[in-house]
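Step one of this worksheet: look at the structure below.
Protein chains in written order, with this note's numbering: chain A, 4 to 121; chain B, 504 to 633.
Rendered as structure tokens:
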């Protein structure tokens with residue numbers, strides 16, 4: 004039992020690296036760590052990852068802004084979209100089938116990854 | 504008119520679609536990054552910055568429901584967030600100093616590894632009705 008905080012710390016730290024370095028993907032690392040290393044059930048892992056990533060995004064976004072890599076106006080329409088999507092997510096989460104979402108997600112990742120590498 | 508669509512309507516729709524996934528914690532942010540860098544032609548650094556900011560409203564609006572429904576593991580929050588802040592701060596500082604081309608390659612490698620893992624990795628954790 005005593006080792007749980009350590010496991011949570013390791014998981015959070017690895018998500019932090021992705022969050023700062025790539026500006027995202029922290030959740031994609033955190034969810035498998037929370038389920039396998041920390042033994043949370045899937046749904047709890049997904050929701051908990053959102054709560055963990057949020058403060059990391061605040062810090063990373065502040066650093067990107069401070070270092071001149073972020074224009075607020077360019078981000079604004081995506082913020083509005085994110086707001087709408089987040090509200091829907093809270094309402095829909097209970098009923099969603101996560102398994103097929105993950106497969107679609109994986110294919111899109113591979114597509115994007117190959118495009119970035121070529 | 505078409506400028507309104509490309510600068511506002513499309514970004515809002517894309518943000519809303521990935522926002523649903525972000526709110527679920529299924530990687531909407533990663534998808535938005537892929538959209539920004541490969542479809543919208545946004546510079547890698549700016550795309551990453553946009554994605555970081557975009558996650559804030561998506562997460563803030565999804566979290567109250569998750570909290571109320573009892574899906575948040577509360578004792579995980581403090582250790583994971585503290586360790587995460589330390590590393591994300593350092594990594595963000597590093598990333599904002601990196602060459603765009605190099606960052607984009609690293610990002611591409613990261614996506615491929617994530618995608619392969621999602622497709623072929625072991626099924627996650629305990630079985631639960633989803």
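Yeah, the Cβ is synthetic: ideal placement off N, Cα and C, and Gly gets one too.
**Report entry** Exposure label - residue 554 (chain B); buried when at least 16 CB within 10 Å
**Finding:** buried
Query raised in the report: So residue 611 (chain B) and residue 119 (chain A) are in contact, right, with Cβ under 8 Å, and what is the actual spacing, rounded?
Result: 3 Å
Requested in this report: Within 10 angstroms of the Cβ of residue 74 (chain A), are there 16 or more other Cβ atoms? Answer buried if so, exposed if not.
Outcome: exposed
**Report entry** DSSP three-state assignment for residue 41 (chain A), whether helix, strand or coil
**Finding:** coil
Query raised in the report: Taking the alpha helix (DSSP H) that residue 117 (chain A) falls in, what are its first and last residues?
Result: 101-120
Report task. Go ahead and pull the three-state DSSP assignment for residue 602 (chain B). Result -> coil
Requested in this report: Tell me whether residue 515 (chain B) is buried or exposed, calling it buried when 16 or more other Cβ atoms sit within 10 Å of its Cβ.
Outcome: buried
Query raised in the report: How is residue 97 (chain A) classed by DSSP in three states: helix, strand or coil?
Result: helix
Query raised in the report: Nearest to residue 27 (chain A) by CA position, among B:540, B:551, B:518 and B:574, is which residue?
Result: B:551
Requested in this report: Please work out which residues of its chain come closer than 6 Å, Cβ to Cβ, to residue 526 (chain B), disregarding the five sequence neighbours upstream and downstream, and give them in chain order.
Outcome: 561 and 565
Query raised in the report: Do the stretch 596-603 of chain B and the stretch 81-96 of chain A make contact, defined as three or more Cβ pairs closer than 8 Å?
Result: no
Query raised in the report: Given 8 Å as the limit, is there contact between the stretch 48-66 of chain A and the stretch 537-547 of chain B, that is, 3 or more CB pairs closer than that?
Result: no
Query - Within chain A, the residues that residue 507 (chain B) reaches when beta carbons sit closer than 8 Å - result: Residues of chain A passing the Cβ test: none, with the nearest at roughly 10 Å.
Report task. Determine, using beta carbons only, whether residue 605 (chain B) comes closer than 8 Å to chain A. Result -> no
Query - Assigned exposure category for residue 47 (chain A) - 16 Cβ within 10 Å defines buried - result: buried
Query raised in the report: In chain B, which residues lie with their C-beta within 8 Å of the C-beta of residue 6 (chain A)?
Result: Here the premise fails: no neighbours, minimum Cβ distance about 11 Å.
Query raised in the report: Should the stretch 580-590 of chain B be regarded as contacting the stretch 101-116 of chain A, the criterion being three or more beta carbon pairs within less than 8 Å?
Result: no
Query - Under the three-state DSSP convention, the category residue 608 (chain B) falls into - result: helix
Query raised in the report: Three-state secondary structure (DSSP) at residue 28 (chain A)?
Result: coil
Query raised in the report: Taking only beta-carbon atoms, is residue 544 (chain B) less than 8 Å away from chain A?
Result: no
Requested in this report: Label residue 22 (chain A) either buried or exposed according to how many other C-beta atoms from any shown protein chain fall within 10 Å of its C-beta, with 16 as the threshold for buried.
Outcome: buried
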